[in-house]
Amino acid sequence: MQHINGLTKKMIIDIDFGFAYHAHKSSIPTATHTRPKSILKQPKVIVIAQNQPLDNDAHLRRKLADAEARAERQSHRFPGLDLPALQKEVHRNLLSSLLFLDGRYMDLLDLMNYVKNGRRMPEITPENVSRHYSLANSVTLNGIYLYRYLSSHGYDPIIVQNYATADLHDLFVEEPLAVCISSNFIFMNDIHEIAGAIKDLAPHVPVIAGGMLIKKVLNAGDRFSQQTLDFMAGFCGRVDAFVVEAMGEATLVRLLAAIREGRGIESVPNLAYFNQQGRMVFTPREAEEIHMDETAIEWDRIPMQYLRPILPVNTSRGCFYRCRFCTYHWLFPEVHYKSMDVLKQELKKIDTLGVVRHVRFTDDNFTANKGRMKAVLEMMIAEGFGFSWSSFARASALRPDLARLMKSSGCEFVDLGLESGSQTILNAMDKRLKKEQSLEAIRMLNDEGIESRGSFIVGYPGETEATFSETIEFINQSGLPYYHPYLFYYTGNTLVHQDRECLGLQGLGLAWRHHTMDSGLASRLMARMPEQINRSFTDGQAYVEEIYKLLRGEGYSQEEIRELFRLKRALQLSIKGVRPGESHSKAETILSKLETLVR
Ligand code: B12
Ligand code: SF4
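The opening residue of the sequence shown carries number 1220 in my numbering; numbering runs sequentially from there.
Here it is as structure tokens:
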């Protein structure tokens, strides 16, 4: 008998439908099982793509608690740095920059639901979510892509677009061959919880986790720190196999075949799983090849229940820039493009569905290659597609002729990675962007009536209070409609990590220190941004562009959306200024204005 994970017969129990499983750890079958008929024919595979919360306040508080627990776990690695205290200070500061009303932290959509519901927060449930403003029904490409890939490899995939709105019992009425959890939009602690819930319901169904975060967390393989090993040990008995590959779909199909045929999984590359001692073991790595044309989605073959009026489309993978804070080029160091004809056919299929009004290009850097971008835009104009579109964009790539083509081809919103208003910091990041180019890009987009959001990193090594002031000044002078500040996030998968010694950089995630600043000060500065920036708006919590698209779909005009963000900021500042016992008259006026605007 070929043993998976080195199991012995004593450790294996046989259960109802013929699989032999490890009693408490792995649910991946051994070679001894007999296959039930239903599994021989198009086996069902569940893919969980996202976990978009219904209750943002609860989700936020949990995320912060998880980060604080992580800081406690890792603190001894950084003697001289009080990691838990720093993490808590960062959280206090970040929370102080959010709208806090009636005991809850609210994003704009929460505020709109609150106002619409007679100034009470409605309880949003999977049943009533479509009657409220919520991002819970949005679609990401990971699920759709895996649907397409698994269907074409003989499986019957069921996509859970959002775990928060799914009914697990319903999904398990018919036993699946396996459940796959994507870590692209689901964090480790949530994976832990979701996998646990699945095991409670169907202990013998193998749970597989893969996607980007798994690649990031497990990439170090055997070179893990003891703390990471201890943390990962908590997944034993919950997740049966991790796919450690930035792509991972080819590995997944090999793994599913091994499960289906009752073979051992040791021969499948790119895996991590627990052996019988509960220790994590790794199979050899084998990088998967990227063939972009094969990733095109035949949208007319995707079941209606997975389609939405706003759909994501990917035209390329990777980025040829090497910004020192970014992990995108670590995941995909080379750029791969879909051929123009394949892309055209894909977009045509979307257009003929008749239900799609907006396409969100999810490329790492949609505008990086000017020649390619021009060709894509000209193709879209020639086809006269009926949908508008949005994407990430590089300010240095924009020129007036391109901006005009963007507008004519239906561009409505772009996310600009502007990062800083200080040239010194831009240079330190190796952003290859001049401050003037950023200003010029914003002006061009404004001239064309294309909305934009600039993202900024606060606290990058070298940042001082003076460089931060330059960013504030930049935003205030630029005419940028929306901005989003990110606190510098320190991870080992970035180029700046290589310079840690000369920068004095230590810590991890949002709790760090370097020669010119620590994240306590950086988050304090960041928390002041809503007060200091009065003509450009941010949500603070949710992505402006996601909210923007949703509200456009609900019939709000660009001006109305801007006004909603403006009122939210005004409300936030007016509440903050009021001491207990003082009158809330200003807040009252703003809430009344919101009541006339929210439909
Ligand atoms: C577009 C994008 C977004 C868009 C999504 C818009 C939309 N509606 O689709 C927006 C801006 C909303 C977004 C938000 C966030 N994002 Co984002 N995003 C991306 C981006 C640039 C592309 C994703 C994409 O569509 N790729 C194309 C599709 C076809 O491929 P894919 O999704 O990568 O899936 C492939 C593989 O991952 C694999 N796979 C996926 N799941 C699984 C599961 C199993 C079991 C297996 C075997 C394989 C597998 O199969 C697919 C085919 O190869 C990636 C960067 C990148 N280079 O990938 C980041 C990325 C996915 N995002 C990331 C993050 C962190 C976030 C946020 C959590 C950021 C934040 N702090 O708020 C939020 C989460 C929002 C949410 N919904 O929960 C990380 C995820 C990893 C991580 N956690 O560190 C990435 C990798 C960027 C990074 N920093 O490195 N994002
Ligand atoms: S920040 Fe943007 S341009 Fe820079 S490497 Fe990352 S994806 Fe490329």
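Ideal placement from N, C-alpha and C gives every residue a C-beta, glycine not left out.
Spatial distance of residue i from residue j (CA atoms)
i       : j       : result
LEU1328 : VAL1462 : 35 Å
THR1249 : ILE1484 : The predicted model places THR1249 with a pLDDT of 39, which falls under 50 and marks its position as unreliable, so this point remains unresolved.
MET1431 : THR1586 : 22 Å
ALA1660 : LEU1816 : 31 Å
PRO1709 : GLY1726 : Checking the sequence shown, residue 1709 turns out to be Tyr, not Pro. So the two alpha carbons sit approximately 7 Å from each other.
THR1384 : LYS1805 : 37 Å
TYR1701 : THR1757 : 6 Å
GLU1464 : ALA1506 : 7 Å
ILE1410 : LEU1474 : 19 Å
ARG1311 : LYS1557 : 44 Å
PHE1687 : ALA1741 : 9 Å
PHE1577 : SER1627 : The sequence as given places His at residue 1577; Phe does not occur at that position. Going by the C-alpha atoms only, they are around 14 Å apart.
HIS1423 : LEU1396 : 10 Å
TYR1240 : PRO1298 : Because the pLDDT at TYR1240 is just 30, under 50, the model does not fix this residue reliably, and the point stays unresolved.
SER1671 : HIS1388 : 42 Å
VAL1500 : SER1738 : 35 Å
SER1697 : ARG1732 : 30 Å
ASN1332 : VAL1309 : 28 Å
Helix, strand or coil at residue i [DSSP, three-state]
i       : result
CYS1538 : coil
ASP1634 : strand
VAL1472 : helix
ALA1242 : Confidence is the limiting factor: at ALA1242 the pLDDT is only 33, short of 50, which leaves the residue's position unreliable and the question unanswerable from this model.
ASP1321 : coil
VAL1491 : Reading off the sequence shown, one finds Ala at residue 1491, where the question assumed Val. ALA1491 falls in the strand class under three-state DSSP.
GLN1446 : helix
HIS1734 : coil
SER1609 : strand
PHE1454 : coil
HIS1555 : strand
PHE1297 : coil
SER1639 : coil
ILE1265 : strand
ALA1385 : coil
PHE1784 : helix
ALA1761 : coil
ALA1789 : helix
Boundaries (first-last residue) of the beta strand (DSSP E) holding residue i
i       : result
MET1648 : First-last for MET1648: undefined, no H or E at that position.
VAL1532 : 1529-1532
ALA1460 : 1460-1462
SER1671 : 1670-1677
MET1499 : 1499-1501
PRO1272 : Where PRO1272 is concerned, there is no enclosing beta strand (DSSP E), given that its DSSP letter is neither H nor E.
PHE1580 : 1577-1580
GLY1728 : Run containing GLY1728: none; DSSP gives neither H nor E here.
VAL1426 : 1426-1429
ILE1400 : 1397-1401
When the options are compared against residue i, the one with the closest alpha-carbon
i       : options                            : result
ARG1579 : ILE1529, GLY1415, LYS1589          : ILE1529
LEU1652 : MET1451, ASP1409, LEU1637, TYR1352 : LEU1637
MET1598 : MET1559, SER1607, ALA1614          : MET1559
ALA1612 : ALA1601, THR1808, MET1625, SER1316 : MET1625
CYS1750 : THR1683, GLN1717, LYS1795, ARG1732 : The question names Cys, but residue 1750 in the sequence shown is Glu. It is LYS1795.
MET1523 : GLY1774, VAL1358, LEU1706, LEU1314 : VAL1358
MET1592 : ILE1569, ALA1616, SER1607          : ALA1616
TRP1549 : CYS1399, GLY1456, HIS1716, SER1793 : HIS1716
Min CB distance residue i to chain B below 8 Å
i       : result
GLY1573 : As a matter of chain content, chain B is missing from the structure shown, which is built from one protein chain.
Residue range of the unbroken alpha helix (DSSP H) whose run includes residue i
i       : result
MET1559 : 1559-1572
CYS1721 : 1719-1722
SER1627 : 1619-1627
LEU1206 : In the structure displayed, the chain extends from 1220 to 1818; residue 1206 sits before or after that span and is not available.
TRP1549 : 1547-1550
TYR1701 : No alpha helix (DSSP H) contains TYR1701, which is instead part of the beta strand (DSSP E) from 1701-1706.
PRO1749 : 1748-1751
ASP1163 : Any property of residue 1163 remains undetermined from this structure, which presents the chain solely from 1220 to 1818.
ILE1410 : 1407-1420
ALA1685 : 1684-1697
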